[in-house]
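Have a look at the structure below, then the notes.
Residue numbers (our numbering): 2 to 565.
Structure below.
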């Protein structure tokens with residue numbers, strides 16, 4: 002019954018039928034899927050098809066399907082949608098590469114020593130002796146060769162080296178994984194793509210390799226962007242295109258097709274009619290004009306700000322508007338500090354965002370059972386009514402303190418009143434900072450700690466709202482893969498050097514790389530909208546650019562800020 006259902010579905014999905022045809026011929030392929038086309042769904046259906054038809058042989062031969070993702074968010078989504086089937090190994094490229102090479106400890110140690118011998122700036126003396134009995138491990142937060150610790154770049158570099166030097170390792174990988182799918186292929190490093198195409202595909206029992214993605218959505222410097230056409234021309238890969246758009250409104254799809262003439266999309270679901278608007282602020286650079294545009298959209302156009310995403314370029318821009326700029330600057334004092342703040346796994350961000358703010362949220366949302374359980378685990382036991390009154394007063398005071406004082410005062414209040422217990426990680430960290438004299442490697446950490454304690458605690462509240470998606474702001478890069486009812490994009494060419502929207506609108510390709518990156522970013526941002534789309538420029542637009550804007554968005558949809 003399941004097989005019949007899948008067959009019926011493929012008859013109405015031409016691209017999926019072509020993928021399944023490739024699988025049956027053991028032919029590797031590229032699925033070039035425009036924004037909103039359901040690329041992830043195609044990937045999931047491909048995985049389900051293989052599991053449905055080949056689960057027995059895969060188990061018998063102790064094989065797995067590999068699904069390489071670009072982010073852990075995508076990884077978790079795929080795992081959930083295939084019901085955590087152990088026959089599919091889902092992970093980022095770094096996780097897959099590490100999985101493939103982690104057992105080759107001797108070879109890894111050799112690569113570390115070779116790398117160290119060529120590193121004149123950070124050469125480590127007697128490294129061979131220091132790692133002699135160390136197990137080589139992969140860490141997300143920095144390289145420490147003397148401890149046997151390698152990081153992101155090393156994993157990719159060393160896996161490429163091992164595959165090149167030891168064909169047997171490559172053969173073992175090919176035998177173990179008969180299907181390898183790369184999600185968001187455009188964001189994968191060129192050397193990694195070539196490792197698959199020039200390495201794995203040339204083994205005797207080569208796997209079927211499927212690239213799922215969209216070359217137009219490459220907005221990172223490290224990604225290959227577009228796979229060289231020679232692989233398609235020579236028949237190494239079969240090109241499959243997916244032109245449907247299930248997400249965007251009809252008016253937004255028109256904009257996308259004007260930006261990207263090479264792949265013309267068509268509405269394919271319950272697409273809304275939608276509306277688009279471009280507002281030229283005449284190069285004022287004035288944030289008041291941005292506010293005027295936002296007010297126009299909400300009061301005159303009826304946009305629901307709670308269903309609107311405002312796309313800016315950097316975390317700095319967002320932090321300034323969302324109210325956590327000082328906190329962001331403070332975490333920049335730490336190595337990988339910004340990443341660790343947003344991942345909530347640095348000592349203080351973990352305690353505050355994963356414990357303290359959760360604790361307050363349970364109380365504010367009247368989830369008293371969970372609140373009391375969490376309270377009890379920390380040592381404050383509620384035995385009688387008077388205890389409830391005490392807790393209630395303490396929490397009311399804590400909520401006020403969070404809005405009015407600094408991090409040190411809030412943490413101090415929580416610990417002093419036994420609302421939460423200080424984590425061992427935090428205690429150990431603070432103990433180290435008390436050492437006299439303080440070792441050099443702790444000086445920057447003490448600077449970070451002392452500065453953090455003076456930051457207004459409210460900034461943690463604001464950054465938590467951003468992380469949990471309850472602010473209207475996002476970076477243009479951070480929004481990739483998401484979708485929203487309404488989207489407002491704010492352009493300001495004076496804010497960055499890597500992008501120039503005026504050149505894209507005017508068709509100026511003098512700096513081709515910058516032109517491509519900017520055009521891709523515009524395409525990604527516009528394609529997030531399910532209904533209404535507005536773009537506003539705070540920087541100067543020349544006459545050619547204005548003509549280009551009218552051609553992309555429609556002449557009647559171009560307005561100056563004075564016309565609102």
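The C-beta atom is built at its ideal place from N, Cα and C for all residues, glycine as well.
- The alpha-carbon separation between residue 345 and residue 311 amounts to approximately 24 Å.
- As computed with DSSP, residue 513 is found in no beta bridge at all.
- Residue 247 and residue 44 do not touch by the CB rule: their CB atoms are close to 15 Å apart, not below 8 Å.
- Annotation: residue 353 to residue 40 spans about 37 Å, alpha carbon to alpha carbon.
- Sixteen is the threshold: when 16 or more other Cβ atoms of the shown chains lie within 10 Å of the Cβ of residue 16, as they do, the residue is buried.
- By the 16-neighbour rule on beta-carbons within 10 angstroms, residue 208 is buried.
- Apart from sequence neighbours up to five positions away, the residues of its chain that approach residue 265 with a beta-carbon distance below 6 Å are 258, ordered along the chain.
- A residue is called buried once 16 or more other Cβ atoms fall within 10 Å of its Cβ, and residue 175 is buried on that count.
- As computed with DSSP, residue 268 is found in a beta bridge with 246.
- Contact between residue 177 and residue 64 is confirmed by a C-beta separation of about 6 Å, below the 8 Å threshold.
- The segment 517-535 and the segment 328-347 do not touch, with fewer than 3 CB-CB distances between them shorter than 8 Å.
- Comparing alpha-carbon positions, the option among 305, 415, 154 lying closest to residue 356 turns out to be 415.
- For residue 46, same chain residues with a beta-carbon under 6 Å away, outside a window of 5 residues either side, are 17 in chain order.
- Shown here, residue 445 sits in a helix according to DSSP, grouped into three states.
- The beta carbon of residue 550 is closer than 6 Å to those of 279, 506, 559 in its chain, skipping five residues each way along the sequence.
- Shown here, residue 167 sits in coil according to DSSP, grouped into three states, outside any helix or strand.
- For residue 430, the enclosing alpha helix (DSSP H) stretches over residues 425-433.
- Within the same chain, no Cβ atom closer than 6 Å to the Cβ of residue 100 is found once the five residues on either side in sequence are excluded.
- Using a Cβ-Cβ distance cut-off of 8 Å, the segment 21-38 and the segment 56-75 are not in contact, since fewer than three pairs of beta carbons, one from each stretch, lie closer than that value.
- Residue 102 and residue 91 do not touch by the CB rule: their CB atoms are close to 18 Å apart, not below 8 Å.
- Under the three-pair Cβ rule at 8 Å, the segment 48-61 does not count as touching the segment 222-239.
- When C-beta atoms of the segment 403-417 are compared with those of the segment 450-469, three or more pairs fall below 8 Å, so the two segments count as touching.
- Assignment of beta-bridge partners to residue 93 by DSSP yields 70.
- Distances from the alpha-carbon of residue 496 to those of 535, 488, 528, 539 put 539 closest.
- Distance from the Cα of residue 31 is smallest, within the candidate group 184, 156, 152, for 184.
- With contacts defined by Cβ atoms closer than 8 Å, residue 228 and residue 186 form a contacting pair.
- By the Cβ criterion, the segment 106-116 is not in contact with the segment 71-88, since fewer than three pairs of Cβ atoms, one from each stretch, lie closer than 8 Å.
- It is roughly 25 Å from the alpha-carbon of residue 62 to the alpha-carbon of residue 196.
- Collapsing the DSSP output to three states places residue 181 in a strand.
- 8 Å or more divides the Cβ of residue 460 from the Cβ of residue 263.
- Residue 147 is a Cβ neighbour of residue 128, given a cutoff of 8 Å.
- Counting the other Cβ atoms within 10 Å of the Cβ of residue 225 gives 16 or more, which makes it buried.
- For residue 160, same chain residues with a beta-carbon under 7 Å away, outside a window of 5 residues either side, are 98, 101, 102 in chain order.
- Secondary structure at residue 65: coil, using DSSP grouped into helix, strand and coil.
- Unbroken beta strand (DSSP E) runs of no fewer than 3 residues, entirely contained in the segment 188-248, are found at 209-214, 239-243, following chain order.
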